[in-house]
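As they're listed, the protein sequences go chains A and B. Per this note's numbering, the very first residue in the first sequence carries number 69; after that it's consecutive. Per this note's numbering, the very first residue in the second sequence carries number 69; after that it's consecutive.
There are 2 protein chains.
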Amino acid sequence: MLKRLSKYIKNYVKKKRTTIKDIANVLNISPAAVSKALHNDSRISEKTKTAVKRVAKELNYQPNHLASALRKGKSNLVGVIVPRTSSNFFSSVIQNIEEVLNKEGYNIIITQSNESFQKECNNIDTLLFTQVDGIIASMANETVDLSYYEKIKSKGIPLILFDRGENDLNVDYIGINDYDSSFMIVEHLISKGCKRIAHIGGFRHTRIFNNRIRGYIDAIHAHNLPHDDDLLIESSLTLENGKQKMQELLALENPPDAVYIAGDYAALGALQLLKEKNIRVPNDICLVGFGNEPFTSLVTPTITSINQHSAQIGQLAAKTFLERVKMETVKQTLNKIILDAELIERDSSQKK
Amino acid sequence: MLKRLSKYIKNYVKKKRTTIKDIANVLNISPAAVSKALHNDSRISEKTKTAVKRVAKELNYQPNHLASALRKGKSNLVGVIVPRTSSNFFSSVIQNIEEVLNKEGYNIIITQSNESFQKECNNIDTLLFTQVDGIIASMANETVDLSYYEKIKSKGIPLILFDRGENDLNVDYIGINDYDSSFMIVEHLISKGCKRIAHIGGFRHTRIFNNRIRGYIDAIHAHNLPHDDDLLIESSLTLENGKQKMQELLALENPPDAVYIAGDYAALGALQLLKEKNIRVPNDICLVGFGNEPFTSLVTPTITSINQHSAQIGQLAAKTFLERVKMETVKQTLNKIILDAELIERDSSQKK
DNA sequence: AAACTTTGGTTAAACGTTTAAGCAAAAAAA
DNA sequence: TTTTTTTGCTTAAACGTTTAACCAAAGTTT
Chain A
69 MLKRLSKYIK NYVKKKRTTI KDIANVLNIS PAAVSKALHN DSRISEKTKT AVKRVAKELN
129 YQPNHLASAL RKGKSNLVGV IVPRTSSNFF SSVIQNIEEV LNKEGYNIII TQSNESFQKE
189 CNNIDTLLFT QVDGIIASMA NETVDLSYYE KIKSKGIPLI LFDRGENDLN VDYIGINDYD
249 SSFMIVEHLI SKGCKRIAHI GGFRHTRIFN NRIRGYIDAI HAHNLPHDDD LLIESSLTLE
309 NGKQKMQELL ALENPPDAVY IAGDYAALGA LQLLKEKNIR VPNDICLVGF GNEPFTSLVT
369 PTITSINQHS AQIGQLAAKT FLERVKMETV KQTLNKIILD AELIERDSSQ KK
Chain B
69 MLKRLSKYIK NYVKKKRTTI KDIANVLNIS PAAVSKALHN DSRISEKTKT AVKRVAKELN
129 YQPNHLASAL RKGKSNLVGV IVPRTSSNFF SSVIQNIEEV LNKEGYNIII TQSNESFQKE
189 CNNIDTLLFT QVDGIIASMA NETVDLSYYE KIKSKGIPLI LFDRGENDLN VDYIGINDYD
249 SSFMIVEHLI SKGCKRIAHI GGFRHTRIFN NRIRGYIDAI HAHNLPHDDD LLIESSLTLE
309 NGKQKMQELL ALENPPDAVY IAGDYAALGA LQLLKEKNIR VPNDICLVGF GNEPFTSLVT
369 PTITSINQHS AQIGQLAAKT FLERVKMETV KQTLNKIILD AELIERDSSQ KK
């Protein structure tokens, strides 16, 4: 046996990767036995198991993941699609997905759509091509056509959406209660004495932004405030666009005394514009953002915002996926998990 | 043929994935011919090729990536390891790596180490297990022991490091000229009239931080400024730690009139502390960061920083990998690409 | 018309696992 | 002692491609 082993060690040095067959040859048993030994199959003796494991270690054996995935029909890879990884919200979600899935032997492939529908379609193709066992996604702003997502469903691969999701798809979804959060923000501003509250929202075709808009409108009505069409604007919510839309609001005959903006980056843009114009925040105009990006607590004044519980969303998304793969046969009911968000009050809305 | 086709369409509805064999059956040719037709092999007639492609489309054929990877011995997957995806620098590098590699048919698997050595080791194992064709990495702050990276090299898998790299490993590296950048920062501060310049640097055991420290010291000497040991501090460069180290500098008998901090997050922490203490930036103390994170232009005052050319670094890293895999036999010389960084002057160092 | 070349494929093995089915030897039960 | 069960493996096929080697038929040279 020693002679065989040394021969294989030489082979290893030559860079040919060790396979299960090599271990079998050293020990003079079948490859099948080796495979079973490595998986602690009960039909293999303890003696053989320890021998196999010793030799495996000695030869620096690394299982060929492709081969086993091919044979078993699953890759243990999960695809993640996000608009971008640079936002703190998404990178935190990703980190938590990863933590949960790694424990169960899954790895994740992260792709970014950069808010582009085209890129998102490419990403989906890429992931399907890579034979992922499931996809966890948050849609790009642009995405309206859902045929690519239907493609995932039609392949029978679990699809879990979070944050930016689309109800019509009938898939698992994890997000926050956008309507309530919006309502809460408006009531917060009212409690601070604001009378003319504007809303720079996202595009209505995205469900979450539509819900935020509805929450805003309903809260305005509930408190008998003037509902002026000019005070409700849709935006792409980038920093630049936030600046621009803020400009438009200031240009009104009767400008608002508070602005609630459905994204922190756009809120930051608005804040910059207000500073340039020497309009005091919060004393002249109160400002509230959405998302609780780290910079909201870093700028002057700090920006009131909504904490979306990114960690929890990531964990729940991963767990939902795990449930799906574990009981694929069972026609289970859909998981729609809606978390309550949290208002983080900061200086930008503390009018005295 | 129509009957065969319809049978296979039924099969498809039943969720059994279409394989090359199915296409072969429909057309009554061999699977090998189908494979060749799909790859535009010259030994297949145009007629057959178009027929194959038509049927492939009809049956919604998606190649099984695992099978071809297994057969060809390569996965067309590249692993990327970064300390975190939330920093703008890393997410921009990743995006550019992805763009270049996607064009060449590679996909990337992104993993984060969260600056933890342990997590980084796990990531490497994960990537090796997934049979990636190469690894592009930037090391965690903690990483000193390089044996895991040696493991990659010993498997013969191309390894390309960027930003946080280690010369001793003798692998390809892409980064900026940290020494020169540091020197440039100090000279900039001197030109603004600063006399006591402090440096909150990263840990010396990381090469880039060591270079920044050397650049700082040499520039101080070159301009005959006092080189006071108290003015040079090592830090983990987190926001919190930046605050703390700034506190220490303020507590000195003879505090500095300028602080150059080797990371933007730590610089932000320092800025916050200075604001709390009502110390005016830049008039009382000038501040310079490193990395040009987006928030440096968002806070008040805006922070002078160094642009590290993340896009270019990403592209070069990807291209270097491609070169490596293309000429694996050739014992090529190492690629050490050092880019010149750019000083972005902002308010925090514009003392009047 | 015989000999060679080209065209357009086919056959079969291989990649490294996993797993259902089978089977000899040892142990236990009758 | 014979039969049954258990233990501990082995055999062989399968996962879906790719590719080296082969080959028949048609076309081209001489």
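Note that CB positions come from ideal geometry on N, CA and C, so glycine has one too. Predicted model only: the values in this text are computed from it and were never measured.
Find out if the Cβ-Cβ distance for the pair residue i, residue j is shorter than 8 Å.
i: A/Asn144; j: A/Asn108; result: no
i: B/Ala319; j: B/Phe358; result: no
i: A/Thr364; j: A/Asp332; result: yes
i: A/Gln130; j: B/His133; result: no
i: B/Ile276; j: B/Gly243; result: yes
i: A/Leu185; j: A/Glu210; result: A small correction: the amino acid at residue 185 of chain A is Phe; Leu does not occupy that position in the sequence shown. Cβ distance < 8 Å, so A/Phe185 and A/Glu210 count as in contact.
i: B/Asp240; j: B/Asn403; result: yes
i: A/Asp246; j: A/Arg280; result: yes
i: B/Asn360; j: B/Ile412; result: yes
i: B/Gly283; j: B/Leu305; result: no
i: A/Ser303; j: A/Lys311; result: no
i: A/Ile177; j: A/Val150; result: no
i: A/Thr116; j: A/Ala101; result: yes
i: A/Leu390; j: A/Glu172; result: yes
i: B/Lys387; j: B/Val168; result: yes
i: B/Leu342; j: B/Val367; result: no
i: B/Leu127; j: B/Ile97; result: no
i: A/Leu293; j: A/Lys263; result: yes
i: A/Leu336; j: A/Leu307; result: yes
i: A/Lys84; j: A/Pro99; result: no
i: A/Leu106; j: A/Val120; result: yes
i: A/Leu195; j: A/Ile203; result: yes
i: A/Leu299; j: A/His273; result: no
i: B/Pro374; j: B/Glu410; result: Sequence inspection shows Ile at residue 374 of chain B; the Pro mentioned does not correspond to that position. Yes, Cβ-Cβ distance for B/Ile374 and B/Glu410 is below 8 Å.
Tell me whether residue i sits in a helix, a strand or coil according to DSSP, three-state version.
i: B/Val349; result: coil
i: B/Cys189; result: helix
i: B/Val150; result: strand
i: B/Gly283; result: helix
i: B/Leu145; result: strand
i: A/Asn128; result: coil
i: B/Lys313; result: helix
i: B/Gly269; result: strand
i: A/Glu229; result: Before going further, note that residue 229 of chain A is Leu rather than Glu in the sequence given. Strand.
i: A/Val393; result: helix
i: A/Lys84; result: coil
i: B/Ser373; result: strand
i: A/Asn164; result: helix
i: B/Lys253; result: Lys is not the amino acid found at residue 253 of chain B; the sequence shown has Ile there. Of the three classes helix, strand and coil, the one that applies to B/Ile253 here is helix, per DSSP.
i: A/Lys404; result: strand
i: B/Thr388; result: helix
i: B/Asn156; result: helix
i: A/Glu302; result: strand
i: B/Thr368; result: coil
i: A/Asn96; result: coil
Tell me which residues share the same chain as residue i and place their Cβ nearer than 6 Å to its Cβ, disregarding the 5 neighbours each side in the sequence.
i: A/Ser113; result: none
i: A/Ser378; result: Phe157, Ser160, Val161
i: B/Tyr216; result: Cys189, Ile192
i: B/Ile288; result: His295
Tell me the residue span of the beta strand (DSSP E) that contains residue i.
i: B/Tyr328; result: 326-329
i: A/Ile242; result: 240-244
i: A/Gly202; result: 202-205
i: B/Leu411; result: 410-412
With a threshold of 7 Å on Cβ separation, who are the neighbours of residue i within its own chain once the five nearest residues in sequence on each side are excluded?
i: A/Leu257; result: Ile265, Ala326, Tyr328, Cys354, Val356, Ser417
i: A/Ser165; result: Looking at the sequence itself, residue 165 of chain A is Ile, so the reference to Ser does not match. Around A/Ile165: Val148, Ile176, Ile204, Gly382, Ala385, Ala386.
Sorry if obvious, but does the Cβ on residue i come closer than 7 Å to a heavy atom of the ligand MN?
i: A/Val349; result: This structure lacks the ligand MN, and indeed carries no ligand of any kind.
Skipping 5 residues on each side, what residues in its chain have a beta carbon closer than 8 Å to that of residue i?
i: B/Asp213; result: Phe185
i: B/Thr153; result: Ser159, Ile162, Ile178, Gln180
i: B/Gln315; result: Leu341
Check for me: the alpha helix (DSSP H) holding residue i runs from which residue to which?
i: B/Asn108; result: Neither: B/Asn108 is in no alpha helix (DSSP H) and is coded neither H nor E.
i: A/Val506; result: This structure does not reach residue 506 of chain A, given that chain A is present from 69 up to 420, and the question cannot be answered.
i: B/Ser222; result: 215-222
i: B/Ile112; result: Note, B/Ile112: premise wrong, no alpha helix (DSSP H); not H, not E.
i: B/Glu344; result: 332-344
Counting Cβ pairs, one atom from each stretch, are 3 or more of them under 8 Å apart for the region 214-231 of chain B and the region 246-253 of chain B? no
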